[in-house]
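Engineer: I'd like to ask some things about the structure below.
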Amino acid sequence: MDPASFRPVCEHAARSAGESLLAWRSKAAAREKGPKDLVTEADLASQQLIRRMLLEAHPDHGFLGEEQPSEAPLHERREYQWIVDPLDGTTNYVHGLPHYAVSIALEHGGQLLVGTVYDPVTQECFTAVRGQGAYLNGQPLRVSQTASMQQALVAVSFPTVVQRDALEVRQFLEVLPACRAMRRLGCSSLNLAYLAAGRFDAYWAASTKVWDIAAGVLLVQEAGGQVSGLDGGPLDVYQGHFAAAATPELHAELLEMLQRAGRAKS
416 MDPASFRPVC EHAARSAGES LLAWRSKAAA REKGPKDLVT EADLASQQLI RRMLLEAHPD
476 HGFLGEEQPS EAPLHERREY QWIVDPLDGT TNYVHGLPHY AVSIALEHGG QLLVGTVYDP
536 VTQECFTAVR GQGAYLNGQP LRVSQTASMQ QALVAVSFPT VVQRDALEVR QFLEVLPACR
596 AMRRLGCSSL NLAYLAAGRF DAYWAASTKV WDIAAGVLLV QEAGGQVSGL DGGPLDVYQG
656 HFAAAATPEL HAELLEMLQR AGRAKS
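The letter at position 209 of the sequence shown is residue 624 when you use our numbering, and the numbering goes up by one with no holes.
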């Protein structure tokens, strides 16, 4: 089946969920889900809406969402599996920061077929279709041409709890003085979408979930960027440790820095 056939329902579900998040924004009743990890009624409502729309269109598909981490073990996934973060950047959302998004991707046979990252605040809809490119509100996307870390604006994601001598801290201290500047948005899907759009030049994360990155990884790949595991090998989105960059030169340079930090003694 042509991956593009899944694009309309993917985009429609993401936009509808985004509208729901905006409607909930003024009355978001936050409650604790865990240490430094908030969940809101908006989060749950968004996922229910997405699930209903996707499975009404494709009832034989599987569904894996952040607020319902597993309807079946990973080895029992359906042939077609929707991977959803109904509200990536929950903490930003709760605190009124305009950096959050809806992320929806479809996986089949270990390959990502389509992915959408929707920003309700800016109404930017980033979509990628395997083998058919990446788009922002219908306009083609390409990564930047930055090939030197000295010129790169780099994004990073940290775990919610980090020890002073942790690998992530050593990596941060390795990359920070070498690049033009760094940003931590608190929204993995937007980090990847911005990389695909040429706004960021590189991005790495040491701890993410599949629903955080699935759509964004496809965006970067289809926009001409490179994504790999932190060891430089092929990326498994279910592992959640990766490095991404706009150009081969920048990707290799970023990987070398991250690996050097891993070899360093704390």
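By construction, the Cβ of each residue, glycine as well, lies at the ideal position given by its N, Cα and C atoms.
Given the structure is predicted, the values throughout are model-derived calculations rather than measurements.
On the DSSP bridge assignment, give the partners of TYR405 in chain order.
Structural biologist: Nothing about residue 405 can be reported from this structure: the residues present for the chain run from 416 to 681 only.
Engineer: Quick check on CYS425: does DSSP put it in helix, strand or coil?
Structural biologist: helix
Engineer: Given this structure, state the Cα-to-Cα distance separating SER431 from LEU502, to the nearest angstrom.
Structural biologist: 12 Å
Engineer: CA-CA distance, GLU589 and PRO418?
Structural biologist: 39 Å
Engineer: For LEU669, which option in ARG493, ALA617, GLU482 and GLY613 has the closest C-alpha, if you only look at C-alpha atoms?
Structural biologist: ALA617
Engineer: Helix, strand or coil for THR506, going by three-state DSSP, please let me know.
Structural biologist: In the displayed model, THR506 falls within a helix according to three-state DSSP.
Engineer: Mapping DSSP to helix, strand and coil, what is HIS523?
Structural biologist: Strand, per DSSP.
Engineer: I'd like to check one pair, ALA516 with ALA608: are the Cβ atoms closer than 9 Å?
Structural biologist: yes
Engineer: Out of ALA679, SER604 and LEU665, point me to the one whose CA is closest to THR505's CA.
Structural biologist: SER604
Engineer: What's the call for ASN606, buried or exposed, on a 16-neighbour Cβ count within 10 Å?
Structural biologist: Counting the other CB atoms within 10 Å of its CB gives ASN606 a total of 16 or more, which places it among the buried residues.
Engineer: Rounded to a whole number of angstroms, what is the C-alpha to C-alpha distance between SER572 and ALA620?
Structural biologist: Looking at the two C-alpha atoms, the distance is approximately 5 Å.
Engineer: Put TYR533 into one of helix, strand or coil per three-state DSSP.
Structural biologist: TYR533 falls in the strand class under three-state DSSP.
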